[in-house]
Structure formats: C-alpha cells, structure tokens
Amino acid sequence: MNKREINRLTPQQLRPIRYELLLDADPNTALVQDYVAKGLILELTIENQLVGIMILSPMSTKGKASLEIKNISILADFQHQGHGTFLLNYAINYANNKNYQALYIGTGTTSFSQLALYQTHGFRFDEIKKDFFCAYPEPIIENNLRLYDMILLKKEL
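According to UniProt numbering, the sequence shown holds residues 1 to 157 in order.
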C-alpha cells in the first residue's frame with residue numbers, strides 16, 4: 001500500500017471536495033461550518049490524493065479534558081480499505097499525546113458498521129441524544145431506517 005499522510009488544513013483550505021466529504025458524514029451545513037471554524041482539520045492523502053478527512057475538537061466533560069471526533073469521512077472509492085481505522089487510530093494517538101483524558105465520537109443509532117468499528121477500538125456507549133437528528137433540515141435514512149437519535153461513545157485514555 002502507498003504511504004498515507006495526514007495534513008493539517010485551515011478552514012480556508014477546505015475546497016469543495018473536502019467540504020462535500022464532511023457533509024457526506026454530517027449533512028447539517030450549519031453544524032459542519034461551526035465545527036470547521038473551531039476544530040482541528042486533518043486530511044488523509046495517498047500520493048497527494050484526498051482519501052478522507054477528520055475534524056477534532058476539544059471539549060470539557062465533567063471536569064475532564066476531552067477531545068471529540070466531530071467528523072470522520074472517507075471517499076467512497078477508498079472505503080473498506082482500513083483508512084477509517086487509520087484515522088481513528090490517529091485520533092486516539094493524538095489525544096493520548098496531548099494528555100486528553102477521554103476521546104468521544106458521536107454517530108447515528110442506524111450507523112451499524114461505524115458502531116462496530118468504534119467499539120472494536122475501545123469506545124463504549126456514554127450517552128444517547130434523543131431526537132438529535134430531528135433538527136436536521138432533511139430526514140436521514142440509513143440502512144433503510146429513519147435516523148432520530150445520536151449515540152455518543154467514549155474512550156477513556
């Protein structure tokens with residue numbers, strides 16, 4: 001496999017393809033714009049070709065310094081090749097190196113493959129945000145189910 005590279009980006013460097021990739025994972029434009037402005041934007045490339053993108057954002061929970069993966073998305077042509085796992089491991093290592101005490105990630109209750117991936121990496125259910133996705137402009141259908149609730153998963157570091 002060719003060498004993967006992680007590059008930090010500024011919000012101004014989010015060309016349309018990167019922004020669309022973020023919207024693939026989270027179709028709420030207002031939320032994406034908010035966490036892009038406040039978060040650490042990381043892109044995954046192979047030989048200068050965009051493969052995926054991730055946004056990390058500090059948060060404070062119960063007095064603990066925590067980090068949240070706000071968005072993680074891989075281009076369709078590169079899915080199921082270990083790139084999502086690579087980004088997830090990068091986030092875990094980054095959080096450990098920056099002395100965060102916990103790492104969080106939220107996903108939909110209908111996101112079965114993502115839930116399995118996160119749990120195999122030590123994330124555990126922490127909170128259910130009921131009706132979180134009901135506020136989105138358009139209904140989200142995933143795995144032939146209407147998405148209503150978000151599951152927030154946590155990994156103690």
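By construction, the Cβ of each residue, glycine as well, lies at the ideal position given by its N, Cα and C atoms. These numbers come from a predicted model, not from an experiment.
Buried or exposed: where does G84 fall if 16 or more other Cβ atoms within 10 Å of its Cβ makes it buried?
If you number the sequence shown from 1, residue 84 lands on position 84. Buried, by the Cβ-count rule.
Best match in L147, L56 and D126 for proximity to I41 [C-alpha to C-alpha]
Translated into positions along the sequence shown, residue 41 becomes position 41. The residue among L147, L56 and D126 with its C-alpha nearest the C-alpha of I41 is L56.
Closest by C-alpha distance to I72, when choosing among F78, I53, S66 and T110
As a first step, residue 72 must be located in the sequence shown, where it is residue number 72. Relative to I72, the option among F78, I53, S66 and T110 whose CA is nearest is I53.
At what residues does the beta strand (DSSP E) containing S73 begin and finish?
Against the sequence shown, residue 73 aligns to sequence position 73. That run of the beta strand (DSSP E) goes K64 to I74.
Where D126 falls: helix, strand or coil (DSSP):
In the sequence shown, the residue the question calls residue 126 occupies position 126. Here D126 sits in strand by DSSP.
If F133 sits next to I140, beta carbons under 8 Å apart, how far is it from one beta carbon to the other, in whole angstroms?
Taking the sequence shown and counting its residues from 1, the one referred to as residue 133 is at position 133. Taking the sequence shown and counting its residues from 1, the one referred to as residue 140 is at position 140. With a Cβ gap of about 6 Å, F133 and I140 count as contacting.
Do you know offhand how far N97's Cα is from A65's?
What you label residue 97 is simply residue 97 of the sequence shown in a count that begins at 1. What you label residue 65 is simply residue 65 of the sequence shown in a count that begins at 1. Distance between the alpha carbons of N97 and A65: 13 Å.
Nearest to A91 by alpha carbon, out of Y136, E43 and L75?
Looking up residue 91 in the sequence shown gives position 91. If we check each option's Cα against that of A91, E43 comes out closest.
Just to confirm, is the Cβ distance from I46 to R8 under 8 Å?
On the sequence shown, position 46 is the one that residue 46 refers to. On the sequence shown, position 8 is the one that residue 8 refers to. In this structure, R8 does not lie closer than 8 Å to I46 by Cβ.
Considering only C-alpha positions, which residue in the set G108, Q101 and G122 is nearest to P58?
Walking along the sequence shown from the start, residue 58 turns up at place 58. When each option's Cα is compared against that of P58, the closest is Q101.
Work out the CA separation of Y35 and A135 for me, nearest whole Å.
For this step, residue 135 is matched to residue 135 along the sequence shown. For this step, residue 35 is matched to residue 35 along the sequence shown. Roughly 17 Å between the two C-alpha positions.
Close beta carbons around N28, own chain, < 6 Å, minus the five adjacent residues each side
Your numbering for residue 28 matches position 28 in the sequence shown. Result list for N28: Y136, in chain order.
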